[in-house]
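Take a look at the structure set out below.
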Amino acid sequence: MKVLVGVKRVVDYNVKVRVRADGTGVETTNVKMSMNPFDEIAVEEAIRMKEAGTADEIVAVSMGVRQCQETIRTALAMGADRGIHVMTDEELQPLAVAKLFKALVERESPGLVILGKQAIDDDSNQTGQMLAALLGWPQGTFASDIVLTGEGAEVTREVDGGLETVGLAVPAVVTTDLRLNEPRYASLPNIMKAKKKPIDQIAVDELGIDVAPRLETLKVEDPPGRAGGKRVADVEELVDKLRNEAGVI
Amino acid sequence: MASLVIAAHDGAALDPATLNAATAAAAFGGDIDVLVAGGGTAPVAGQAAKIAGVARVRHADDAAYDHLLAEAVAPLVVALAGAYSEILFPANTTGKNLAPRVAALLDVAQISDITEVVSADTFVRPIYAGNAMATVRSRDAIKVITVRGTAFAAAALDGDAAIEPVSAGEGQALSKFLRQELSKSERPELTSARVVVSGGRGMQSSENFHLVEQIADRLGAAVGASRAAVDAGYRPNDFQVGQTGKVVAPELYVAVGISGAIQHLAGMKDSKVIVAINKDEEAPMVQIADYGLVDDLFKALPALAEALDKAGIKPR
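Shown next, in the form of structure tokens:
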């Protein structure tokens, strides 16, 4: 079975983002960029399937600017077999990404697509569900466990009340949650080997899909601030303040 | 045009997050309908009919929609969508699973986790774990929206809407519900609790969480956890507060042994009053807290329980 995984290039999760002074977005110049953490989990899961003999090829896909190839290289160094880079300098929103993925799925015919449940930049949590809808495939979102069975896949999902397990026909789309696995670090030899693995480059126009944004960002602002930082000396003062100053207990 | 709110429920009772979504729907000013889908859900439809401002409940009483599986429910929502200019879902795991599937089938964008309705086509939503707020305008004819519950008050339950049955053709049987393991708790539900007491990596073990629970018992609070505490297995996933877990905004949030990673702050920084109990005074949580107590939590929590007792705030 072939597995397609999505790897998005995002501002590193440790970076404290700053809103641009002109309100057009957040500062990304000279900011460390990394693979979206949920996508690392997706790559790791695919590699484990290959190691278990249930997957035979892993294709890592990224969409966007030239530097997305670095993100694909990271996936290749972890253990993906080859990459596909859909190139564009334009903003891609989740619906457009899902449509582009659909076009790639039609070319590649994977048995499973594994995506991160959300990207930590726009926090949309949409692309996997949209791709499943466009393909008419089942979806296993927020996965904390994936078991491939003879007939399909059993996916355990992290839901508000606890865990829920669904049975899916395959092919299917699965999106990863935090507890699915702990991604490996790429070893130096594997980083060297990854440089020789192929990355197909496809210009977004070649796929013939309208990727124009449907949402226009009018402005981006700092969230309302908090005036915190007051200290209390001991628990008695804390109880007194909560009761008599804040009035919350 | 009218708004459609998709009710979240567990088959027996309406999920209160639906009430926040109904309040967001009211901001559009049109009629509000609520869709309740699932077999044997007459009691849920009855509760939905009481939501203030709702014109009618559209009730798809069909086992095909049990557990609100997205593959089955999305085509139903799409079949009804033509009559609405907005379709709103609570931004809980049910809504987040379903809304993008509906949006893609309608070929429209989905607008996630809105915190404000600026106008009929313009919304505010957090990005980058709430470190920035984006104002976005939708160009689509139908707006498919998930609503951040903490940003909208719960609608009152003094309405009396009509309940009308709806049916749609065959759904797609692409997935089936197999089983669930739900956490059982006598405590209030995390996302709607008035007080939340959360523990982090500083708790050091699952057993030590009883210290957090002692405080929660006295305050009538829900118990939460940071990602680090959940990853370490101290508490199950449904306790996680943060960017990718639950977003809470209680009257009082007590963070115990939580350093305050960006991803955790994203889930609780809109709380009215924040207390940090941490031995590290440089911890970001102590910096943003309204009241920071810099102390060893293993000393502070038993002392706090005692101080609450003395103040007449005893376990309930």
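Listed in order, the protein sequences are those of chains U and X.
Residues in the first sequence are numbered from 12 upward in steps of one, following the numbering used here.
Residues in the second sequence are numbered from 1430 upward in steps of one, following the numbering used here.
We put the beta carbon where it would ideally sit given N, CA and C, even for glycine.
Span separating the alpha-carbon of Gln1476(X) from that of Ser1635(X): Counting only the Cα atoms, Ser1635(X) lies some 37 Å from Gln1476(X).
Whether Pro1665(X) touches Ala1622(X) by CB criterion (8 Å): Contact annotation: Pro1665(X) and Ala1622(X) have beta-carbon atoms that are not nearer than 8 Å.
Just tell me which of Val1547(X), Ile1516(X), Ile1461(X), Asp1495(X) has its CA closest to the CA of Ser1604(X). Comparing Cα-Cα distances from Ser1604(X) to each of Val1547(X), Ile1516(X), Ile1461(X), Asp1495(X), the minimum goes to Asp1495(X).
Would you check if there are 3 or more beta carbon pairs closer than 8 Å linking the stretch 137 to 146 of chain U to the stretch 1521 to 1540 of chain X? Contact check between the stretch 137 to 146 of chain U and the stretch 1521 to 1540 of chain X: three or more CB pairs, one atom from each, fall below 8 Å, which counts as touching.
Can you pull out the residues from the stretch 111 to 142 of chain U whose beta carbon lies closer than 9 Å to at least one beta carbon of chain X? If the cut-off is 9 Å between Cβ atoms, the stretch 111 to 142 of chain U has Lys128, Gln129, Ile131, Asp132, Asp133, Asp134, Ser135, Asn136, Gln137, Thr138, Gly139, Gln140, Met141, Leu142 near chain X.
Quick check on this structure: which residue in Pro1713(X), Ala1651(X), Ile1706(X) has the alpha carbon closest to the alpha carbon of Ala1695(X)? Ranked by how close their Cα comes to the Cα of Ala1695(X), the residues Pro1713(X), Ala1651(X), Ile1706(X) have Pro1713(X) in first place.
Taking Pro149(U) as the query, report the chain X residues whose CB atoms sit under 7 Å from its CB, ordered along the chain. Under the 7 Å cutoff, chain X gives Glu1500, Leu1603, Ser1604.
Could you spell out where the beta strand (DSSP E) holding Glu51(U) opens and where it closes? Premise fails: Glu51(U) lies in the alpha helix (DSSP H), 48 to 62, not in any beta strand (DSSP E).
Entirely enclosed alpha helix (DSSP H) segments - the stretch 169 to 223 of chain U, minimum 4 residues: Listed in chain order, the complete alpha helix (DSSP H) runs (minimum 4 residues) inside the stretch 169 to 223 of chain U are 199 to 205.
Unbroken alpha helix (DSSP H) run spanning His1693(X), endpoints: Segment 1691 to 1694, the alpha helix (DSSP H) holding His1693(X).
Is Leu1722(X) buried or exposed, if buried means 16 or more other CB atoms sit within 10 Å of its CB? Burial call: buried.
Please decide whether Gln80(U) counts as near chain X, where near means a Cβ-Cβ distance under 8 Å. Look at Gln80(U): its C-beta is not under 8 Å from any C-beta on chain X.
Contact set for Ala1436(X): own chain, Cβ-Cβ below 7 Å, skip 5 residues either direction: The beta carbon of Ala1436(X) is closer than 7 Å to those of Leu1443, Thr1447, Val1463, Leu1464, Val1465, Val1473, Ala1477 in its chain, skipping five residues each way along the sequence.
Taking Cβ positions only, does Gln1539(X) come closer than 8 Å to chain U? Yes - at least one Cβ of chain U is within 8 Å of the one on Gln1539(X).
Counting Cβ pairs closer than 8 Å, one from the stretch 1499 to 1510 of chain X and one from the stretch 249 to 260 of chain U, do we hit at least three? Contact annotation: the stretch 1499 to 1510 of chain X does not touch the stretch 249 to 260 of chain U, with fewer than three C-beta pairs closer than 8 Å.
Uninterrupted beta strand (DSSP E) stretches inside the stretch 1588 to 1660 of chain X (no shorter than 3 residues): Runs of the beta strand (DSSP E) inside the stretch 1588 to 1660 of chain X: 1591 to 1594, 1604 to 1611, 1624 to 1628, 1651 to 1654.
Alpha helix (DSSP H) segment containing Lys1429(X), residue limits: Because chain X is modelled from 1430 through 1745, residue 1429(X) falls outside the range shown and cannot be assessed.
Can you tell me whether Ser135(U) is buried or exposed, with buried defined as 16 or more other CB within 10 angstroms of its CB? Ser135(U) should be labelled buried.
Determine the extent of the alpha helix (DSSP H) in which Phe112(U) is found, giving its start and end residues. Element bounds for Phe112(U): 105 to 119.
Using a 10 Å radius around the Cβ and a threshold of 16 neighbouring Cβ atoms, would you call Gln1672(X) buried or exposed? Buried: at least 16 other Cβ atoms inside 10 Å.
Taking the Cβ atom as the reference point for each residue, do Val1652(X) and Ala1661(X) lie within a distance shorter than 8 Å? No.
Does Ala1393(X) come within less than 8 Å of chain U when only Cβ atoms are used? There is no way to answer for residue 1393(X), as the model of chain X reaches only from 1430 to 1745.
State whether the stretch 209 to 229 of chain U contacts the stretch 1564 to 1571 of chain X, with contact taken as three or more CB pairs (one from each stretch) at a distance under 8 Å. Touching, yes, given that three or more Cβ pairs across the two stretches are closer than 8 Å.
Which partner residues of Leu1517(X) appear in the DSSP bridge assignment? In DSSP, Leu1517(X) forms a bridge with Val1434(X), Ile1574(X).
Just grab the DSSP bridge partners of Pro1555(X) for me. Looking at the DSSP assignment, Pro1555(X) forms a beta bridge with Met1562(X).
Between Val1652(X) and chain U, is there a C-beta pair that is closer than 8 Å? Not one chain U Cβ lies under 8 Å of Val1652(X).
Can you tell me where the beta strand (DSSP E) with Val1507(X) in it begins and where it stops? That residue, Val1507(X), is in no beta strand (DSSP E); its alpha helix (DSSP H) goes 1499 to 1509.
Using the Cβ count rule (16 or more neighbours within 10 Å means buried), how would you classify Tyr196(U)? Here Tyr196(U) is exposed: its Cβ has fewer than 16 other Cβ atoms, across all protein chains shown, within 10 Å.
Spatial neighbours of Leu179(U) within its chain, please: CB distance less than 7 Å, with the 5 preceding and 5 following residues excluded, ordered by chain position. Here the set comprises Pro149, Gly151, Gly163, Ala164, Val166.
Among the candidates Asp211(U), Arg168(U), Lys206(U), Val124(U), whose CA atom is the shortest distance from the CA of Phe1606(X)? Considering only alpha carbons, the answer is Arg168(U).
Leaving aside the five residues before and after Val1450(X) along the sequence, list all residues of the same chain whose C-beta is less than 7 Å from its C-beta, in chain order. Reading off the sequence shown, one finds Ala at residue 1450(X), where the question assumed Val. Apart from sequence neighbours up to five positions away, the residues of its chain that approach Ala1450(X) with a beta-carbon distance below 7 Å are Val1434, Leu1517, Phe1518, Pro1519, Val1576, ordered along the chain.
Counting only beta-carbon separations shorter than 8 Å, does Gln104(U) have a partner in chain X? Yes, Gln104(U) lies at the interface with chain X (some Cβ there is under 8 Å from its Cβ).
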